[in-house]
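Listed in order, the protein sequences are those of chains A and B. Everything in the first sequence is counted per our numbering, starting at 9 for the first residue and increasing by one. Everything in the second sequence is counted per our numbering, starting at 9 for the first residue and increasing by one. Cβ coordinates follow ideal geometry from the N, Cα and C atoms, glycine included. None of these values were measured; they are calculated from a predicted model.
2 protein chains.
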Amino acid sequence: MGSTKTKLRGGIDLGGTKIQAAVVGPRGKVHGEERAATPTEGGPADVAREMAAALSGSARKAGVEPADLVGVGVGAPGDADPQGVVSGASNLPGWEGSYPLAAELSTALGADVRIGGDVQVATEAEFRLGAGKPYRSILGVFWGTGVGGGMILDGKPWTGRGNAGEIGHTVIVRGGARCPCGRRGCLEAYAGRGPMEAKAREEHEKGTKTRLFKIMKERGHDRLKSSVWEHALEDGDELAEHLIDRAVKALGAGIGSAVNLLDVEAVILGGGLGVRLGEPFLRRIEKQAAKHLFVDDRPPAMHVAALGDLGGAIGASLLFAR
Amino acid sequence: MGSTKTKLRGGIDLGGTKIQAAVVGPRGKVHGEERAATPTEGGPADVAREMAAALSGSARKAGVEPADLVGVGVGAPGDADPQGVVSGASNLPGWEGSYPLAAELSTALGADVRIGGDVQVATEAEFRLGAGKPYRSILGVFWGTGVGGGMILDGKPWTGRGNAGEIGHTVIVRGGARCPCGRRGCLEAYAGRGPMEAKAREEHEKGTKTRLFKIMKERGHDRLKSSVWEHALEDGDELAEHLIDRAVKALGAGIGSAVNLLDVEAVILGGGLGVRLGEPFLRRIEKQAAKHLFVDDRPPAMHVAALGDLGGAIGASLLFAR
């Protein structure tokens, strides 16, 4: 079977909970997509195997072979060097060290592989194809297990020395709550789904009534996924409302501060919780952010990420569209 | 007397306390400089008159006429439009509205006048001629009456929609101390010399012992100028040490957060207090910032502004060196 190159690109969004793969056309159309759970045990090689399988599944749905793709982009957590060696992806099993992800995936798929930052590629996807299209300068805020950020300034990605965008680790309460990063008072300590779950568990154990963990079990999950929060809020669960309100205020302070510093035209809210809770919660965050805006007569536009859950994978595919 | 154009440029740094004018050569050499107190009464026309006088004095010392200068740049607070109309410079007497500063100064001096943001021109001066020279991306932090910021990203000034750099109004304690801007928990509420003086006065009136106000009077001032803080610290004044320590921790949190977001190569500390207290305090701020750095194994370089008090005026002169 001879390989015929197509104009399609592969993209894989490697998250702590799920692996989202997609095969994407030159204008961002998704021709096939497949999702897999991120392995919680094993090591980088197991994760890479799941990634290759999800991408192969997406290609099959699109009617192509992985080797026929222009290339496969990956949005990964941690640090990637120019050769595609990924280090310190501490959300992933056994990935404290380094792993040659690009080389291994390339061998498995028979395609070129490039690695980008997970949040940065999702920001670029929104900028080029999604809610950020009308603007030259945007801040992407990804509200999920953690809180990540990406920037496009005057039409170009700004990544600093490679690690810009850590809005989740801007300090909003000096000396405040402990963050998963080990520091205190970071935005993520209040708004990350991880710390929110820890806080909910703590309150629950102290006797605060909540349906959060009941909903979690009913839905067959072992974590407070975004959908669990959504259902608890719909049920009027007080603890869920309290913790989400705390997160909304924290996000408002963090986003307001970032806008005071950067003065971007627009803020795009993505991530599991951001996309799931959507417009009404975006407006609540916007209202909180407005309280902190130094120039308060022309706030930035605020939008929910238009590409939703697929933004990361689509953005990763754009690593081959430059 | 015929006017002979020189290669010299004029620069005026318009601050809330002082007006610093300078005549500057093409490579940043100061040929003449003069300082005046910013009028505390009257209106914009009075301020403009003092500015013209200080610039004329600087020119005289440099042996030229203002009309012989390539042009005169001004670093101003508030907002300047492209025609050099300055609005909302609320630190200055009667300047809540708009005033055609460029046109008025140009008439008074017989030279072209351009207006830039005070903090941004000072950041550019450090980038092109001062402590920021070795770097492509810097954050300038100006610690004085307020706390201002400026950015150079990949060699170019980043001003957003015209108001980027407000690091003084990033939130470091959500719901915390009241800031002069009317909001709560901003960096400036803890580190601005204005709020620090208000807090010192409040503590003093409550009975806390301090030599701050005695030193102020002995030195013939009616405000706690940077030199007053410096002398009180030298005397081991406990209240002064406490409030400076509070400011240092606040600056550390604000700078750490900004670096997490921007990942710049270097941070330059200027402003009245920054320059006056200098290296030992920069190191204390650096230590505090390090506690908040998400990527903590390669902190940005930190330097005191090399151009000192003249950075603003030199930076303003660079408005005619592009």
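Whose C-alpha, out of B:Gly86, B:Gln91 and B:Tyr107, is nearest the C-alpha of B:Ala97? B:Gly86
Name the DSSP beta bridge partners of B:Lys164, please? B:Leu161
Same chain, Cβ closer than 7 Å to B:Lys207, five either side skipped, listed in chain order: Leu251
Would DSSP call B:Arg284 helix, strand or coil? helix
Tell me the rounded alpha-carbon separation between B:Val256 and A:Ala297. 26 Å
Would you tell me roughly how many angstroms separate the C-alpha atoms of A:Gly79 and A:Ser325, rounded to the nearest one? 8 Å
Out of B:Trp237, B:Arg292 and B:Gly148, which has the shortest C-alpha to C-alpha gap to B:Asp126? B:Gly148
Can you tell me whether A:Gly320 is helix, strand or coil according to DSSP? helix
A:Val179 and B:Gly264 look like a contact to me (Cβ under 8 Å); what is the Cβ gap, rounded to whole Å? 7 Å
What does the alpha-carbon distance come out to for the pair A:Leu100 and A:Cys189? 15 Å
Under the three-state DSSP convention, the category B:Val8 falls into: Because chain B spans 9 through 330 in this model, residue 8 of chain B falls outside it and cannot be assessed.
Using the C-alpha atoms, what's the distance from A:Pro74 back to B:Gln128? 50 Å
Quick one: is A:Gly168 near chain B, going by C-beta distance under 7 Å? yes
Inter-stretch contact at 8 Å, needing at least 3 Cβ pairs: the segment 314-322 of chain B / the segment 130-139 of chain B: yes
When you check each C-beta in the segment 227-258 of chain A against every C-beta of chain B, which residues fall closer than 8 Å? Lys257 and Ala258
Roughly how many angstroms separate the alpha carbons of A:Ala274 and A:Ala199, rounded to a whole number? 20 Å
What ranges does the alpha helix (DSSP H) occupy inside the segment 99-133 of chain A, keeping only unbroken runs of at least 4 residues that lie completely in it? 109-117
What residue range does the beta strand (DSSP E) around A:Ser278 cover? It should be noted that the sequence gives Gly, not Ser, for residue 278 of chain A. Its beta strand (DSSP E) spans residues Ala274 to Gly278.
Assigned secondary structure, B:Asp21 (DSSP; H/G/I helix, E/B strand, else coil): strand
Over what stretch of residues does the beta strand (DSSP E) that includes B:Val236 continue unbroken? From DSSP, B:Val236 is part of no beta strand (DSSP E) but of the alpha helix (DSSP H) over Ser234 to Glu242.
Continuous alpha helix (DSSP H) stretch holding B:Lys26: start and end: Per DSSP, B:Lys26 belongs to no alpha helix (DSSP H); it is in the beta strand (DSSP E), Lys26 to Val32.
Neighbour flag for A:Ile180 against chain B, beta carbons, 7 Å: yes
Closer than 8 Å is the cut-off here; do at least three beta carbon pairs connect the segment 230-244 of chain A with the segment 138-158 of chain B? no
Limits of the beta strand (DSSP E) - the one that B:Val7 falls within: A query on residue 7 of chain B cannot be resolved here, the shown segment of chain B reaching from 9 to 330 and no further.
Can you tell which of B:Asp305, B:Ala84 and B:Ala313 has the C-alpha that lies nearest to the C-alpha of B:Lys26? B:Ala84
Take the Cβ of A:Glu104 as the centre, count every other Cβ of all protein chains shown within 10 Å, and call the residue buried at 16 or more, exposed below. exposed
Could you pull the start and end residues of the beta strand (DSSP E) that A:Glu41 belongs to? Val38 to Ala45
Identified DSSP bridge partners for B:Asp87: B:Ser95
Can you pull the chain B neighbours of A:Asn171, defined as C-beta to C-beta under 7 Å? Asp271 and Val303
Can you tell me whether DSSP reads B:Ile146 as helix, strand or coil? strand
Along the segment 85-118 of chain A, where does the CB come closer than 9 Å to a CB of chain B? Name the residues. Asp87
So with CB distances below 7 Å, who are the chain A contacts of B:Leu161? Leu161 and Trp166
If you compare alpha carbons, which of B:Leu290, B:Gly18, B:Gly280 and B:Gln28 is closest to B:Ala309? B:Leu290
Buried or exposed by the 16-neighbour rule on C-beta atoms within 10 Å, applied to A:Lys295: exposed
Along the segment 287-311 of chain A, where does the CB come closer than 8 Å to a CB of chain B? Name the residues. Lys299, His300, Phe302, Val303 and Arg306
Does DSSP put B:Val179 in a helix, in a strand, or in coil? strand
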